[in-house]
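K.L.:
Residue numbering for the sequence shown follows the working numbering, beginning at 13 and increasing consecutively.
Just so it is clear, CB atoms sit at the ideal spot from N, CA and C, and this is done for glycine as well.
The model shown is predicted, which means the values in this text are computed figures rather than measured ones.
Take this structure first; my questions come after.
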Amino acid sequence: MNGFDRRRFLELGGAAGAALAAGGLTAGPGWASPAQRSRFTGHPFALGVASGDPLPSGVVLWTRLAPEPLAEDGSGGMRGRGVVPVRWEVAEDERFSRRVAHGVSNATPELGHSVHVEVDTLRPDREYFYRFRVGGEISPVGRTRTAPEAGANLDRLAFAFVSCQNYPAGYYTAHRHLADEDLRAVVHLGDYIYEGGATGSLGRAHAPAREVVSLADYRIRHAQYRTDADLQRSHAAFPWIVTWDDHEVENNYADEISQHEGVAPRDFLVRRAAAYQAYYEHLPLRRSSVPTGPDMRIYRRLRFGTLAEFNVLDGRQYRSDQVDRNSPEAQDPDRSMLGAEQERWLLDGLGASTARWNILAQQTVMARADRDPGEGLRLPMDNWNGYEPARQRLFDGVVERGVDNMVVITGDAHCSMAADLKQDFADPDSRTVGAEFLGTSISSGGDGADMDRRGEQWLAANPHMKFYNQRRGYVRCTVDRDSYRADYRVVPYVTRRGAPVSTLAGFVVENGRPGVQEA
Ligand SMILES: [Fe+2]
Numbered sequence: 013m014n015g016f017d018r019r020r021f022l023e024l025g026g027a028a029g030a031a032l033a034a035g036g037l038t039a040g041p042g043w044a045s046p047a048q049r050s051r052f053t054g055h056p057f058a059l060g061v062a063s064g065d066p067l068p069s070g071v072v073l074w075t076r077l078a079p080e081p082l083a084e085d086g087s088g089g090m091r092g093r094g095v096v097p098v099r100w101e102v103a104e105d106e107r108f109s110r111r112v113a114h115g116v117s118n119a120t121p122e123l124g125h126s127v128h129v130e131v132d133t134l135r136p137d138r139e140y141f142y143r144f145r146v147g148g149e150i151s152p153v154g155r156t157r158t159a160p161e162a163g164a165n166l167d168r169l170a171f172a173f174v175s176c177q178n179y180p181a182g183y184y185t186a187h188r189h190l191a192d193e194d195l196r197a198v199v200h201l202g203d204y205i206y207e208g209g210a211t212g213s214l215g216r217a218h219a220p221a222r223e224v225v226s227l228a229d230y231r232i233r234h235a236q237y238r239t240d241a242d243l244q245r246s247h248a249a250f251p252w253i254v255t256w257d258d259h260e261v262e263n264n265y266a267d268e269i270s271q272h273e274g275v276a277p278r279d280f281l282v283r284r285a286a287a288y289q290a291y292y293e294h295l296p297l298r299r300s301s302v303p304t305g306p307d308m309r310i311y312r313r314l315r316f317g318t319l320a321e322f323n324v325l326d327g328r329q330y331r332s333d334q335v336d337r338n339s340p341e342a343q344d345p346d347r348s349m350l351g352a353e354q355e356r357w358l359l360d361g362l363g364a365s366t367a368r369w370n371i372l373a374q375q376t377v378m379a380r381a382d383r384d385p386g387e388g389l390r391l392p393m394d395n396w397n398g399y400e401p402a403r404q405r406l407f408d409g410v411v412e413r414g415v416d417n418m419v420v421i422t423g424d425a426h427c428s429m430a431a432d433l434k435q436d437f438a439d440p441d442s443r444t445v446g447a448e449f450l451g452t453s454i455s456s457g458g459d460g461a462d463m464d465r466r467g468e469q470w471l472a473a474n475p476h477m478k479f480y481n482q483r484r485g486y487v488r489c490t491v492d493r494d495s496y497r498a499d500y501r502v503v504p505y506v507t508r509r510g511a512p513v514s515t516l517a518g519f520v521v522e523n524g525r526p527g528v529q530e531a
């Protein structure tokens, strides 16, 4: 991290460091007189800071003013505040002596007093530091990094991907360790929050203490998650690239269809609009993702020079409803996981890509995941296994277009798995069209185990699967021109604090040789 003092940064990055930051970092140009007393009932930056979606010219900077994160009206303690101007600045050093960009962004009650700044005057492939100020209060400091120029021959890209951070289920120790890695970015593949009213047994009961439905509810839930110091640290350490899965709205929903029978699509869309808006408000997304009613465009493409391109997918908003396992409808070619428009966008983009590695950052398991080790097939229906014709279109499209080096990264399943993606899963000798790395949860499911019944069944029934584990953690990916390496980083427990992290297994995809090999 070129001359960067990690310990000092981490002191400043966590929630507990906020007071230190306010006292110790006020001497930057233009910010020399923070004498004004706080007008807030608490620290307005209690949710920390974040950055996201790195481009060569800049990143999105995020914060949300929430002096009382769990205020019952969902306002974060900002009720009656109106529009609040928030100053932001970006510097080349963590003490802000070399400031390179600054401005003012309005936090509005309409968007929960969140702040999304799209800085676009930065230099490519550079590390920067950023912070916010409102009144006399200064935020924790975040660190970020711009992407290299589109044509740059980046020789190495390290990032990590995560998913499924159920708050009552465990501590975010994995995020704490993640923040200490040397990465360019973090990719979050969904289940950023969970919508239920679980209490758990760790003193991390969900707020509010009920399933969230309204905008106020979702705001409180997001704010609660964001008070976690380890999550804040992870956000403050790297730019994030995020997409959602189901629990940001409701378990197993599909487009306008609730998992519960009898909920009218019109009513479900009201809930979806609330959930999407709260999601936008709490994550470092660009203006292109500002929701319009129940719709929000989150699928997008991000590029790291000629080395890697991320196709960030949305497998929830446009999908056809789940069907029963043996129903003939399951093979209906009109059923879609991504929706026709996104599917076309994806294949067009993959066909046109000049990147060495084509990464699909997406929600649910893509490889065949049969649980019947015998002759039959027992497939889950909420992931790509319930959308076989759509998966086949994707794989055939990839082969037709000669797409090289496709790597799919996946969340949702709360376990680690690595698999070859076969053009015909029924035939182990068929062409391998790509690799899938499934990453485990941060905390969902509690401590976990090295093996469970599903893992035994998967490994017995699916010859394309190479590995299974059910501990918690994240996946660190290190990509260069010759290979894509995935290291499964796990913690032995999440129901107590302080777990160490270790590398459980490593897998490699070689350039031009699709499929997963043990490292
Ligand atoms: Fe999950």
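1. Would you grab the beta carbon distance between ALA402 and HIS476 for me? Rounded to a whole angstrom, and I think it's under 8 Å.
2. In or out: ARG168 buried (at least 16 other Cβ within 10 Å) or exposed?
3. Just to check, is the beta-carbon of SER455 closer than 7 Å to a non-hydrogen atom of ligand 1?
4. Does the structure place the stretch 438–452 close enough to the stretch 480–499 that three or more beta carbon pairs sit under 8 Å?
5. For a test of your reading of the model: does the CB of CYS427 fall under 7 Å from any non-hydrogen atom of ligand 1? Yes or no.
6. In or out: ALA39 buried (at least 16 other Cβ within 10 Å) or exposed?
7. How would you label THR185, buried or exposed, when you count the other beta carbons within 10 angstroms and need 16 or more for buried?
8. Measuring only from the beta carbon, is HIS200 closer than 7 Å to any heavy atom that is part of ligand 1?
9. How many whole angstroms separate the CB atoms of ARG145 and ARG99, which I take to be in contact at a CB cut-off of 8 Å?
10. Given 7 Å as the limit, tell me if HIS218 has its C-beta closer than that to any heavy atom belonging to ligand 1.
11. To the nearest angstrom, how far is the alpha carbon of ASP436 from that of VAL410?
12. Tell me the DSSP secondary structure of ALA266 in three-state form.
13. Straight-line CA distance for THR515 to VAL503?
14. Which value, in whole angstroms, describes the spacing of the CA atoms of GLU522 and TYR496?
15. Reducing DSSP to helix, strand and coil, say where LEU372 ends up.
16. So the alpha helix (DSSP H) GLN469 belongs to, where does it begin and stop?
17. DSSP on HIS189, reduced to helix/strand/coil?
18. Can you grab the Cα-Cα spacing for the pair ALA164 / PHE316, in whole Å?
19. TRP9 bridges to which residues according to DSSP?
20. Flag ASP203 as yes when its Cβ comes closer than 7 Å to any non-hydrogen atom of ligand 1, and as no otherwise.
21. Taking 8 Å as the cut-off, does the stretch 429–448 touch the stretch 340–349 (at least 3 CB pairs, one atom from each stretch)?
22. What do you reckon, is the C-beta of ASP464 under 7 Å from a heavy atom of ligand 1?
23. Any idea if ASP424 is buried or exposed, counting beta-carbon neighbours within 10 angstroms, 16 or more meaning buried?
24. Using DSSP bridges, identify the partner residues of PRO97.
25. Between ALA430, PHE108, ASP203, ASN474, which has its C-alpha nearest ASP439's C-alpha?
26. Quick check: the Cα distance between ALA367 and ALA210, rounded to an integer number of angstroms?
27. Based on the DSSP secondary-structure assignment, which residues constitute the bridge partners of LEU314?
28. According to the Cβ coordinates, are GLY64 and PRO296 closer than 8 Å?
29. If we ignore side chains and look at the alpha-carbon of each, how far apart do GLN469 and VAL129 end up?
30. In the DSSP assignment, find the beta strand (DSSP E) that holds TYR496 and state where it starts and stops.
31. Are the stretch 207–226 and the stretch 180–195 touching, with three or more C-beta to C-beta distances below 8 Å?
32. Give me, in chain order, the residues of the same chain whose beta-carbon lies closer than 6 Å to that of TYR237; leave out the 5 immediate sequence neighbours on both sides.
33. Between which residues of its own chain and VAL254 is the CB-CB distance below 6 Å, once the five residues before and five after are set aside?
34. Output needed for ALA290: all residues of its chain with C-beta closer than 8 Å, excluding positions within five of it in sequence on either side, in chain order.
35. If we call anything under 8 Å between Cβ atoms a contact, is GLY460 one with ARG493?
36. Can you check DSSP and say which residues form a bridge with SER428?
P.N.:
Let me spell this out:
1. That pair is no contact at about 18 Å.
2. exposed
3. no
4. yes
5. no
6. Caution applies to ALA39, whose pLDDT of 38 falls short of 50 and renders its modelled position unreliable; the model cannot decide the point.
7. buried
8. no
9. 5 Å
10. no
11. 13 Å
12. strand
13. 9 Å
14. 6 Å
15. strand
16. 465–473
17. helix
18. 8 Å
19. Residue 9 cannot be examined here, being either before or after the span of the chain that is shown, 13 to 531.
20. yes
21. no
22. no
23. buried
24. ASN118
25. ASN474
26. 43 Å
27. PHE322
28. yes
29. 47 Å
30. 495–503
31. yes
32. TYR179, ILE205
33. HIS200, LEU295
34. GLY124, LEU227, TYR230, ARG231, ARG233, HIS234
35. no
36. ASN481
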